[in-house]
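Engineer: Under my numbering, residue 114 is the last one in the sequence shown; the count climbs by one each step, no gaps. Here it is: the structure, laid out below.
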Amino acid sequence: ILEADGAAYSKYGRISMATGLPTPLGWYGHQWLWRGSAEEPNRRVRDVRTIYESDDRDAANRLLEEYGVRYIVIGALEREKFPNIKEAKLEGLGRVVVAHPDGSKLVEIGARR
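Here it is, written out as structure tokens:
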């Protein structure tokens, strides 16, 4: 599952924590500490931002496949973390399978309308 990454012991990584689904990057500090280097977490920060903010559908699809992402979360934390979020592009990569009145959405990758 793809969702916004952030500080340890925060709401970031909330869906991954609640479901057990892996995410490319949850809490940056924990990733850095356990890996012993910031190199991989920094790459993942860039990749997650690319998926959320880039207009490049091919790059997004490649990264989603690389990380085995099946679902993308679009909610308040993602909109805050990624002010240039490309929601229409993300929705176009699959279909919205959950929509909440607060504007939060869950997009299933590869699923077509």
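Glycine residues also receive a C-beta, built at the ideal position from the N, C-alpha and C atoms. Source: prediction; values computed, not measured.
Does the structure place the region 47-64 close enough to the region 82-102 that three or more beta carbon pairs sit under 8 Å?
Structural biologist: Contact between the region 82-102 and the region 47-64 is present, because at least three Cβ pairs lie under 8 Å.
Engineer: Might you give, ordered along the chain, the residues of its own chain that have their beta carbon closer than 8 Å to the beta carbon of residue 94, omitting 5 neighbours on each side?
Structural biologist: Here residue 94 refers to the residue found at position 93 when the sequence shown is read from its first residue. These residues qualify, in order along the chain: 58, 61, 62, 65, 73, 108, 110 and 111.
Engineer: Taking the beta strand (DSSP E) that residue 91 falls in, what are its first and last residues?
Structural biologist: Counting from 1 along the sequence shown, the entry for residue 91 is found at position 90. Segment 88-93 is the alpha helix (DSSP H) holding residue 91; no beta strand (DSSP E) there.
Engineer: Under a Cβ-count criterion, where at least 16 other Cβ atoms within 10 Å of its own Cβ denotes burial, should residue 42 be classed as buried or exposed?
Structural biologist: On the sequence shown, residue 42 is found 41 positions in, with the first residue counted as 1. That one is buried.
Engineer: If you run the structure through DSSP and keep just helix, strand and coil, what is residue 107?
Structural biologist: Numbered from its first residue, the sequence shown carries residue 107 at position 106. Strand.
Engineer: Looking at the unbroken alpha helix (DSSP H) that takes in residue 49, where does it start and where does it end?
Structural biologist: For the purposes of this step, residue 49 is identified with residue 48 of the sequence shown, where counting begins at 1. Residue 49 -> alpha helix (DSSP H) spans 40-54.
Engineer: How long is the line joining the alpha carbons of residue 68 and residue 45, rounded to whole angstroms?
Structural biologist: On the sequence shown, residue 68 is found 67 positions in, with the first residue counted as 1. On the sequence shown, residue 45 is found 44 positions in, with the first residue counted as 1. For residue 68 and residue 45, the distance between alpha carbons rounds to 10 Å.
Engineer: Nearest CA to the CA of residue 20: which residue from 2, 79 and 49?
Structural biologist: For the purposes of this step, residue 20 is taken as residue 19 along the sequence shown, with counting starting at 1. Ranking 2, 79 and 49 by Cα distance to residue 20 puts 2 first.
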